[in-house]
Amino acid sequence: MSEIHLHDGELNVMELLWSNRVLAAKDIAKIIKEYIGWEKNTTYTVIKRLIDKGAIKREDPGFMCRALVSKRMIQNIETKEFIARFYNNSLSTFFTEYLKNQSLSTAEILELERIIAENKM
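Going by the working numbering, the sequence shown opens with residue -11, and the numbers climb by one from there.
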């Protein structure tokens, strides 16, 4: 499977599916209408795009939708893309620049040290 890139509107639908596992398209449209204000046709268009991308699967009866990709998978793809685009593919540059501007707690520092130690092995 090639990497799936999602825009914000598609992520809205995916978040619902990641939270609920399976939803009917009509229920997705109702929830999106209430919280975002999209009309049903807009939501159905986004669902169709997600099906075409291989991010969700539609099952009958009831036009039931289910995520085919995990949230973690999408997070990893988008994080790699972000680091490539803004930090020249350098994870160390990203961390250096990001951490310069953060106030980390002792617990957070210890957790980062633990993660680094685990990755040294």
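Virtual Cβ for every residue (Gly too), placed ideally from N, Cα, C.
Could you tell me if residue i is buried or exposed, where buried requires 16 or more neighbouring beta carbons within 10 angstroms of its beta carbon?
i	result
Met2	buried
Thr31	buried
Glu22	exposed
Glu(-2)	buried
Val10	exposed
Ile103	exposed
Ile24	exposed
By the DSSP assignment, the alpha helix (DSSP H) with residue i in it spans what residues?
i	result
Ala43	Premise fails: Ala43 is in no alpha helix (DSSP H) and is neither H nor E.
Leu98	Thr94 to Lys108
Please report the straight-line C-alpha distance between residue i and residue j, rounded to a whole angstrom.
i	j	result
Asn8	Arg54	9 Å
Ile97	Ser91	10 Å
Tyr86	Met61	22 Å
Ile44	Lys18	18 Å
Lys108	Ala12	46 Å
Ile39	Glu106	38 Å
Thr67	Leu100	18 Å
Thr33	Asn76	34 Å
Can you tell which of the options has its C-alpha closest to the C-alpha of residue i?
i	options	result
Phe82	Leu(-6), Ile71 and Ile20	Ile71
His(-5)	Ala13, Leu100, Gln63 and Ile16	Gln63
Gly42	Lys88, His(-7) and Ala12	His(-7)
Leu5	Arg73, Ser80, Arg46 and Glu99	Arg46
Quiz item: Counting only runs that start and end within the segment 48 to 87, where is the beta strand (DSSP E) found for 3 or more residues in a row?
Solution: 52 to 55
Exercise. Report the residue ranges of all alpha helix (DSSP H) runs contained in full by the segment -7 to 17; include only those spanning at least 4 residues, in chain order.
Key: -4 to 8
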